[in-house]
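The structure appears below as structure tokens.
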Ligand SMILES: NC(=O)C1=CN([C@@H]2O[C@H](COP(=O)(O)OP(=O)(O)OC[C@H]3O[C@@H](n4cnc5c(N)ncnc54)[C@H](OP(=O)(O)O)[C@@H]3O)[C@@H](O)[C@H]2O)C=CC1
Ligand SMILES: Nc1nc2c(c(=O)[nH]1)N=C([C@H](O)[C@@H](O)CO)CN2
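In full-length UniProt numbering, the protein residues as written are 1 to 240.
This is how it looks when you write it as structure tokens:
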């Protein structure tokens, strides 16, 4: 009985950056992990060799989301948690359809978590009080808005709101919390001016890397009381 394998944590968009770092973190703790990936990066093979179950999934349509949920349900008797990391940081751009930008942002930040939380709730329930977690990755811009990423900010705001709705719906078996980062990691193409300006926006003036987020997720998973909350990881940016 005591040797039962722990239930897996499902991480969406785990092929790169924060999702990838989270997957390796849990695998190092011998915690089983299921990763959804859209693009087959070499990292996916590395994850498989480290023991992750990697499932190809494109959340650009509801059909793609629901097919992924069916696969997870068919292969698993339960889940320890779901981390909704998959995201697209799309700006409004001249020459790009505004409707398409808005649909794309709503699809990945609202449809995917909304449909997956409903479809997979039975896998999260039934394991005891506060035994399971859902984590939504939102963004600091939910508070402030963003003139360059209006649809992105709005869709993350909807996700932030769903944190409280799903916390109500799934308590006390499942805790549901959000992480609202500001700058965590730069992208490779960010130039020196962009980096300087971005660093200057916070009080702490660093891009802290994935560990800040990993440590917070470890805390949230350990808690048996914290639910329906949004945790800023923003270097004091609102105080600037
Ligand atoms: N990095 C930062 O500084 C910040 C991050 N955040 C949030 O933290 C989370 C992780 O950030 P980060 O690691 O930078 O994210 P990335 O943008 O680097 O990666 C997001 C992942 O989501 C996947 N994805 C995107 N669209 C889809 C789709 N339609 N279907 C399936 N998968 C999809 C991507 O797959 P593919 O590679 O195939 O496109 C990728 O693996 C995100 O939710 C982000 O918004 C918030 C604020 C700051
Ligand atoms: N899905 C993503 N969302 C966000 C990203 C990213 O690369 N992918 N990056 C940011 C920025 O780091 C920004 O917070 C500061 O430059 C925001 N969201």
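Beta carbons: idealized from backbone N, C-alpha and C, even for Gly. These figures come from a predicted structure and were not determined experimentally.
Fill in: Any non-hydrogen atom of ligand 2 within 7 Å of residue 187 CB
Annotation for residue 187 indicates a beta carbon within 7 Å of some heavy atom of ligand 2.
Worksheet item: Do the CB positions of residue 15 and residue 44 come within less than 8 Å of each other?
Response: yes
Practice prompt. Could you tell me which residues DSSP pairs with residue 242 in its beta bridges?
Written response: For the chain, the structure presents residues 1 to 240; residue 242 sits outside this window and is missing.
Worksheet item: Going by beta carbon distance, what residues of the same chain come within less than 8 Å of residue 145, once the five residues before and after it are set aside?
Response: 153
Item to complete: Express the C-alpha separation of residue 160 and residue 1 in angstroms, rounding to a whole number.
Response: Here residue 1 scores only 48 on pLDDT, less than 50, and its place in the model should not be relied on; the value that follows carries that caveat. For residue 1 and residue 160, the distance between alpha carbons rounds to 38 Å.
Fill in: 8 Å Cβ cutoff met for residue 177 and residue 229
Yes, Cβ-Cβ distance for residue 177 and residue 229 is below 8 Å.
Worksheet entry | Sequence-distant residues of its chain with Cβ nearer than 6 Å to residue 164 (five each side left out) | 228
Worksheet item: Sorry if obvious, but does the Cβ on residue 184 come closer than 7 Å to a heavy atom of ligand 2?
Response: yes
Item to complete: Assign residue 41 to one of two classes, buried (16 or more other C-beta atoms within 10 Å of its C-beta) or exposed (fewer than that).
Response: Its Cβ having fewer than 16 others within 10 Å, residue 41 is exposed.
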